[in-house]
Amino acid sequence: MTYCLGIRLNDGIVFAADSRTNAGVDIISMYRKLFTFEKPGDRNICVMTAGNLAVTQAVVSQLEEGLDDEDDDDTLYTVSSMSDATKMVGRALRNVRARDEVFLKADDADSSASFIVGGQIAGRRMRLFLVYSAGNYIEATDDTPYLQIGESKYGKPILERVVTPQMDLAQAAKCALVSLDSTIRSNVAVAPPIDMVVIIAALLLNSVFKPMTNTIRISRRTGARGFAIYLIAYQRQAGWKMIWGNQNGCP
Numbered sequence: 475m476t477y478c479l480g481i482r483l484n485d486g487i488v489f490a491a492d493s494r495t496n497a498g499v500d501i502i503s504m505y506r507k508l509f510t511f512e513k514p515g516d517r518n519i520c521v522m523t524a525g526n527l528a529v530t531q532a533v534v535s536q537l538e539e540g541l542d543d544e545d546d547d548d549t550l551y552t553v554s555s556m557s558d559a560t561k562m563v564g565r566a567l568r569n570v571r572a573r574d575e576v577f578l579k580a581d582d583a584d585s586s587a588s589f590i591v592g593g594q595i596a597g598r599r600m601r602l603f604l605v606y607s608a609g610n611y612i613e614a615t616d617d618t619p620y621l622q623i624g625e626s627k628y629g630k631p632i633l634e635r636v637v638t639p640q641m642d643l644a645q646a647a648k649c650a651l652v653s654l655d656s657t658i659r660s661n662v663a664v665a666p667p668i669d670m671v672v673i674i675a676a677l678l679l680n681s682v683f684k685p686m687t688n689t690i691r692i693s694r695r696t697g698a699r700g701f702a703i704y705l706i707a708y709q710r711q712a713g714w715k716m717i718w719g720n721q722n723g724c725p
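Note that the working numbering has the sequence shown beginning at 475, numbered continuously upward.
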C-alpha cells in the first residue's frame, strides 16, 4: 500500500510520500516512491508512484531513458512542457501495461498503477497532475488544489478543511505531514520514512536564477524520530517561520 499527495499553491508545490511496500502481511519492504527530474536553470519535475511496484519501476525507467515506442530520445529531462511530461507518463504506463498485462493476469496479479506529476519548466507556469491507470489524467485546480494516490481516505479530511491555494508553503508542508501521519496511524501498510519535496514557484520563470535553490528536500529519515523532526528540518532548511498554535491554516 502507498500514500502520496501533492498540494499546488500560489507559492509552489508540496510533494510527500511514504516508502512502505507490501505483498502480504509477512512480505514488507521499503522502496522510494518519489522521484525528481532536475536540470538546474531549466526544470524541476517530481513524480510519485502508487500501485504495482514492478510496473511503476518500469515506467520510471522509461521516463529516465526514453519510451519504448518512440523513435526520438525524449525523456522528462527534455520535454517542453508539464503537459507533455504528463502525457509521457501516461504513454509509458500504457506501454508497460500492454507489454506485461497478459503475463500478470496469468499470474493473477494486478497491473494497475497511478502517478502524481508536477513541477515547473523554465518560462512556463507550475502545474500538478494525477495520471490514472489507463494513462489519462486530471489537473489540480484552485477549487481542488491537492491530489492523492494510494490509501487516500484517512489523510483527506485535513486537506479538505484547510488547504487553499493561498496557504504558504510551510503550512502546507505541515498539513501534508499531518495527512501522512493520520494515514500511517490508520493503515499499517503505510509507513515511514517519508520523502518530501517542495518546489518554489516563479524561480524558473526568470532567465537568470540560482541553481538548485528551488527544491527543498526532507527525505529518508527514520520514523522513530517523529514528525516534529521533519518540521524542524524543513523550517531550518527553508528559512521560513513555522506557525504553531491557533493560527490560520493547519492547526
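Even for Gly, the Cβ is constructed at its ideal location relative to N, Cα and C.
| Asked | Found |
| --- | --- |
| Run through the segment 483-549 for me and flag every whole alpha helix (DSSP H) of 4 or more residues, listed as ranges in chain order. | 527-539 |
| In angstroms with no decimal places, state the Cα-to-Cα distance between V652 and L602. | 21 Å |
| What residues in its chain sit with their C-beta under 8 Å from that of C478, if we drop five residues either side in the sequence? | F489, A490, A491, D492, K507, L508, M522, T523, A524, I590, Q622, I623 and G624 |
| Decide if R635 is buried, meaning its Cβ has at least 16 other Cβ atoms within 10 Å, or exposed. | exposed |
| Beta carbon of V637, beta carbon of I481: below 8 Å? | yes |
| Do V664 and C520 count as a contact pair if the criterion is CB distance below 8 Å? | no |
| Looking at the strands, I want to know which residues DSSP matches up with C478. | A491 and I623 |
| In this structure, does DSSP put S660 in helix, strand or coil? | helix |
| Just the Cα atoms here: how many angstroms apart are M641 and I674? | 13 Å |
| Can you have a look at N518 and say buried or exposed, based on whether 16 or more other CB atoms are within 10 angstroms of its CB? | buried |
| Span of the beta strand (DSSP E) holding V672? | D669 to I674 |
| Taking M562 and G593 to be in contact with their CB atoms under 8 Å, please state how far apart those CB atoms are, rounded to whole angstroms. | M562 to G593, Cβ: 13 Å. No contact. |
| For V533 versus V576, is the C-beta spacing smaller than 8 Å? | no |
| Helix, strand or coil for R565 per DSSP? | helix |
| Assuming contact is defined by CB atoms lying nearer than 8 Å, are Y620 and T657 in contact in what I supplied? | no |
| How long is the line joining the alpha carbons of T495 and D616, rounded to whole angstroms? | 32 Å |
| Would you say T560 and Y611 are within 8 Å of each other, going by their C-beta atoms? | yes |
| Roughly how many angstroms lie between the CA atoms of A580 and S535, to the nearest whole one? | 24 Å |
| Skipping 5 residues on each side, what residues in its chain have a beta carbon closer than 7 Å to that of S585? | N526, V529, R571, D574, E575 and L578 |
| Which residues share a DSSP beta bridge with G593? | I519 and R601 |
| Cβ atoms of I668 and C649: under 8 Å apart, would you say? | no |
| Here's a check: name, in chain order, each residue in its chain whose Cβ is nearer than 6 Å to the Cβ of A614, leaving out the five neighbours to either side. | R482, L602 and L621 |
| Alpha carbon to alpha carbon, what distance is there between N661 and I502? | 14 Å |
| How is S588 classed by DSSP in three states: helix, strand or coil? | strand |
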